[in-house]
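Here is the structure we will look at.
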Amino acid sequence: FMTKDPQTATSTTKRNQLEHILKNNDIHHIPILDSNGVVIDLITKALLEQRESYDNQVFLMAGGLGSRLGKLTKNTPKPLLKIGGKPILETIIENFVEQGFRDITISVNYKKEMIKDYFKDGSDFGANIKYIDEEKRLGTCGSLSLLDKKPKLPFFVMNADLLTKTDFVRILEFHNSHNSLATMALRKYEIQIPYGVVETYAEEVIALKEKPVEQYFINAGIYILEPDAIDYIPNNEYFDMTQLFSQLLEFKQTVSSYPIDAYWLDIGRLNELEQANNEYDKLFEV
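With the sequence shown counted from 1, adding 1 to any position gets you the working numbering.
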């Protein structure tokens, strides 16, 4: 049978709102629509219950200087710069909590007390937050070497300057199904060559392409690591995640890639910060 006025939601509808719709209307399914009103997903009551809580830890790398943002980060660490009226890092934490990941550790260095004073133990944000204090800058994964003990489960590592609608549960499910030591989320990136490109063989012209668009996959700054991946990180040294993945490949370890097609923006420059503020309201509920 067909429902005349079905209950629907969008990709920006939060989990607690979905639960409210299902409960108040005594239904077990709700279609997710895109901006054109086309069904792109189906959320069920059972799926929401499955997503309620995960024991996998989340490590957020928030120790960078944010120097490309100039004077904005002179007195404020980049993770506390506001987008949509709240710090970037707060939106990241909300997204993880919304999807059932509440065990969060923030790695801090530059103006770390401001970050710790804002988030404290995380209870105001529905999370359990701990901190790794970097006495010196340790890159995007070096601070993991300072952990007293390894996580028991695969864990997330994410840069603290990303605005994204990524489904973290799906990345975790993908990782768990691929028997990899590490998974890197990728984002498709397009570059248009502003000239006509000529293909040649020896001295012969064999093809012409007018201002072609080249596509590449770039590192999206979101990762899942198995606990044993920490063994490849040098102790208390500056070490970036790209170095870790190169190390894993050198030692013939299996690493996977997960392409994300959800909204994603790396906030490293002033124009990206402005773009994020312009797009925030239509992507996230303020």
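Even glycine gets a Cβ: it sits at the ideal position worked out from N, Cα and C.
Euclidean distance between Cα positions of residue i and residue j
i      : j      : result
Leu145 : Ile225 : 13 Å
Pro7   : Ile28  : 10 Å
Met3   : His21  : No answer about Met3 holds up, because its pLDDT of 47 lies below 50 and its placement is not dependable.
Phe252 : Phe246 : 10 Å
Thr167 : Tyr202 : 43 Å
Gly64  : Asp162 : 11 Å
Val59  : Ile223 : 10 Å
Asp267 : Asn160 : 9 Å
Met115 : Asp42  : 39 Å
Asp122 : Gly71  : 30 Å
Ile33  : Lys117 : 36 Å
Ile93  : Val214 : 32 Å
Asp282 : Gly127 : 22 Å
Thr9   : Asn26  : 11 Å
First and last residue of the uninterrupted alpha helix (DSSP H) at residue i
i      : result
Asp56  : Asp56 -> no alpha helix (DSSP H), and no H or E assigned at all.
Thr243 : 242-251
Phe175 : 169-177
Val98  : 89-99
Asp262 : That residue, Asp262, is in no alpha helix (DSSP H); it is neither H nor E in DSSP.
Where the beta strand (DSSP E) containing residue i begins and where it ends
i      : result
Gln276 : Run containing Gln276: none in the beta strand (DSSP E); it sits in the alpha helix (DSSP H), 271-284.
Phe157 : 156-160
Glu205 : 205-211
Cβ separation of residue i and residue j, assumed to be a contact under 8 Å, to the nearest whole Å
i      : j      : result
Arg138 : Gly269 : Rounded, the Cβ-Cβ distance is 16 Å, inconsistent with contact.
Ala230 : Leu249 : 7 Å
Ile31  : Leu48  : Contact flag wrong, Cβ pair sits at about 10 Å.
Cβ-based neighbour list, residue i, same chain, cut-off 7 Å, excluding 5 preceding and 5 following
i      : result
Val287 : Because the pLDDT at Val287 is just 45, under 50, the model does not fix this residue reliably, and the value given afterwards should be weighed accordingly. Hits under 7 Å: Gly85, Gly86.
Asn278 : Ile84, Gly85
Cutoff 6 Å; reference residue i; Cβ partners in own chain excluding five residues on either side
i      : result
Lys112 : Pro78
Ser181 : Thr255, Val256, Ser257
Thr74  : Gly67
Met62  : Ser108, Thr141, Asn160, Ala161
Contact set for residue i: own chain, Cβ-Cβ below 8 Å, skip 5 residues either direction
i      : result
Phe175 : Thr184, Ser257, Tyr259
Leu148 : Ile133, Ile231
Phe156 : Asn57, Gln58, Val59, Phe60, Ile225, Leu226, Pro228
Phe218 : Leu187, Arg188, Lys189, Tyr190, Ser258, Pro260
Sheet register partners of residue i (DSSP bridge)
i      : result
Phe218 : Lys189
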